[in-house]
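Inspection log for the structure reproduced underneath, given as structure tokens.
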Amino acid sequence: MSNEYRHVLVAVDLTKDSKKVLKRALHIADRNQARLSIMHTLEPLGFAYGGDIPMDLTSIQDQLDEHAKQRLAEIADPYVPSENQHVMVGMPDTEIHRFAEDQQVDLIVVGSHGRHGFALLLGSTSTGVLHGAKCDVLAVRVGTGDDGEDSAE
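Quick note on numbering: the sequence shown equals residues 66 to 218 in our numbering.
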């Protein structure tokens with residue numbers, strides 16, 4: 066019997082919900098003996114300001130990058146080895162698709178705030194990931210409050 070998934074990618078936003086999304090992906094990766102990667106995407110600072118800033122944002126971007134790497138390690142350790150922890154700079158859905166294709170990912174796991182049906186998802190990262198992905202996408206429901214999943218670690 067061949068395993069359904071060989072490489073699972075967890076895309077997280079570094080919020081408290083990220084652990085829940087990672088745990089769901091861990092179960093799937095374990096069941097399939099799949100490789101597990103985790104990533105976070107930082108939008109470039111220039112995007113936020115339309116690229117019209119008369120100053121060099123490199124050092125600030127580097128600090129944000131370093132902070133994101135530390136935060137990702139806090140979430141991912143000890144479940145995901147450091148060489149499979151990735152912080153990218155770019156538009157989240159684009160970078161997730163690029164990574165998934167380059168690394169032969171066959172399942173992308175993302176968090177989704179499904180508060181009031183699918184309409185609220187439109188325009189969100191999870192919807193962007195879903196629509197451009199060439200592999201399966203699992204949206205893990207997060208941020209709903211009391212689903213009984215948030216047990217103490």
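Just so you know, even glycine gets a beta-carbon here, dropped at the ideal spot from N, CA and C.
Counted as a single uninterrupted DSSP element, the stretch harbouring Asp142 is not any beta strand (DSSP E), since DSSP gives it neither H nor E. Look at the beta carbons and you see the segment 70-87 touching the segment 167-179: at least three pairs across the two are nearer than 8 Å. In the DSSP assignment, Gly176 falls within the unbroken beta strand (DSSP E) covering 172-177. Excluding sequence positions up to five before and after Tyr70, its CB lies within less than 8 Å of the CB of Ile93, Ala94, Asn97, Ala99, Asp171, Leu172, Asp201, all in the same chain and listed in chain order. Distance from the CA of Thr190 to the CA of Pro157, rounded to the nearest whole angstrom, comes to 7 Å. Residue pairing from DSSP places Met153 in a beta bridge opposite Thr106. C-alpha of Leu137 to C-alpha of His105: approximately 7 Å in a straight line. Asp121: not part of any beta strand (DSSP E); DSSP gives it neither H nor E.
Taken through DSSP and simplified to helix, strand or coil, Arg71 comes out as coil.
No Cβ-Cβ contact shorter than 8 Å links Ala133 with Ile103.
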